[in-house]
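Structure record follows, encoded as structure tokens.
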Amino acid sequence: MNAPPPVTVEAPAPTVPPRGRRRRLRRHLTPYLYLAPTLALMVLLMVVPIIMVVGYSVMDNVITNQNPQPVGLENYVEVVTDPVFHTAVRNTIYFTVVSVAAHLVLGLAFALMLNSGLVSGRIRAVFRMIYVLPWLFTVAIIAVLWRLLLNPNGVINYLLDVAGFIDSKVEWLANPDTALHAITFINIWAGYPFFMVSLLAGLQGIPKNLYEAARVDGAGAAHQFWHVTIPQLKPIIISMVLLDFIWTTQQFALIWMTTGGGPINVTEMLSTFTYKLAFSRYEFSLASASAVVVLALSMILAFFYVRHQKARD
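The opening residue of the sequence shown carries number -8 in this note's numbering; numbering runs sequentially from there.
Structure representation (structure tokens):
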């Protein structure tokens, strides 16, 4: 006759004393308590305004209308079908693409020159001071400075007249044929030092043995640039280009203080178009719809930037 199997008695799970549970809970909550003030500010200054603007964009006309009514997507349809909006989109694309491309080319060229051993240390120090100068000025100073320089009686017209390039004074910021190119040039001048400084730091971080190995393999200066320098700088270049796209598409102060979006909408950007809807025409619902469109475009660029940063890490 077989004996019955032994009965196993499971040991009771160890109980955590209340004091230990409180200590563990406090340890888990401590990081969130440190983050609480920042999170509260972000919610108050970012999340709440965004929700309010999105809500305004689907109402007939808030603020000026005492009893606004929901209108769905009518404001978005009116904004995207506005001819001035189409002009603002085209100008913003031109302004952004040309500015970012020029920032990259100029910044890389000056960074290569400052990193080159062909220039003495004192000359490089002087050039660094000169090249980084536009970065030290505020937008207001830059706008006032270039309005004076580009004035019909300003220095630019005088130098071009002396050199024989022009026969009469040019209204650079008031002429529909030159205004957009003029503010794009100003933005390029003001923004390239950021690229220059960042790329110079990247160049100084490239190991010298990579260039030595390339020279041993018979690579010339051009091959070293394309197969050593550019691949090493690629993560920095992509990050800076994406950031510059985001910043340049949202440029407002420089345009507003130089041309105000004129003449006849030639320099109208999405930022100035949205501002005028709100504070010139008092169409706050349309301005909110336009702001949401700009926000959506910026979030797309921000998505690619964050994705690139995660892949880089």
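Positions of the beta carbon are idealized from the N, C-alpha and C atoms, including for glycine.
Whole-angstrom distance between residue j and residue i, CA atom to CA atom
{"i": "Phe176", "j": "Ser90", "result": "8 Å"}
{"i": "Leu32", "j": "Leu24", "result": "13 Å"}
{"i": "Pro125", "j": "Leu136", "result": "11 Å"}
{"i": "Val44", "j": "Leu64", "result": "14 Å"}
{"i": "Pro198", "j": "Asn166", "result": "50 Å"}
{"i": "Val62", "j": "Leu277", "result": "11 Å"}
{"i": "Met37", "j": "Phe243", "result": "19 Å"}
{"i": "Ile227", "j": "Pro184", "result": "15 Å"}
{"i": "Val285", "j": "Val153", "result": "44 Å"}
{"i": "Thr239", "j": "Leu20", "result": "40 Å"}
{"i": "Arg17", "j": "Val39", "result": "29 Å"}
{"i": "Ala326", "j": "Tyr149", "result": "With the chain covering -8 to 304 only, the question about residue 326 has no answer from this structure."}
{"i": "Phe156", "j": "Leu127", "result": "31 Å"}
{"i": "Phe295", "j": "Asn200", "result": "33 Å"}
Among the options, the one whose alpha carbon lies nearest that of residue i
{"i": "Gln60", "options": "Val71, Asp73, Val68, Gly46", "result": "Gly46"}
{"i": "Ile179", "options": "Val96, Val188, Leu109, Pro226", "result": "Val96"}
{"i": "Phe76", "options": "Leu151, Thr129, Met260, Val117", "result": "Met260"}
{"i": "Ala102", "options": "Val44, Phe186, Asn148, Val88", "result": "Phe186"}
{"i": "Ser289", "options": "Leu20, Ile84, Asp73", "result": "Ile84"}
{"i": "Val297", "options": "Leu164, Val123, Leu233", "result": "Leu233"}
{"i": "Gln241", "options": "Leu150, Arg119, Val80", "result": "Val80"}
{"i": "Val274", "options": "Val34, Val53, Lys225", "result": "Reading the sequence as shown, one finds Glu at residue 274 and not Val. Of the candidates Val34, Val53, Lys225, the one whose C-alpha sits nearest the C-alpha of Glu274 is Val53."}
{"i": "Pro143", "options": "Ala131, Asp158, Val130, Trp163", "result": "Trp163"}
Local conformation of residue i per DSSP, three classes
{"i": "Met248", "result": "helix"}
{"i": "Pro61", "result": "strand"}
{"i": "Met260", "result": "coil"}
Test: residue i CB closer than 9 Å to a CB of chain C
{"i": "Val123", "result": "Among the protein chains of the structure shown there is no chain C, as only one such chain exists."}
*If we count Cβ pairs, one from each stretch, closer than 8 Å, do we get three or more for the segment 205 to 216 versus the segment 242 to 261?*
With a cut-off of 8 Å, the segment 242 to 261 and the segment 205 to 216 do not count as touching, because too few Cβ pairs lie within range.
*Taking the runs of the beta strand (DSSP E) that are 3 residues or longer, which of them lie wholly in the segment 159 to 203?*
none
*Stretch pair the segment 217 to 230 + the segment 155 to 174: three plus CB contacts closer than 8 Å*: no
*Is there contact here, the segment 188 to 197 with the segment 105 to 116, by at least three beta-carbon pairs under 8 Å?*
yes
*Whole alpha helix (DSSP H) runs in the segment 85 to 137 with 4 or more residues, listed along the chain?*
112 to 122, 124 to 127
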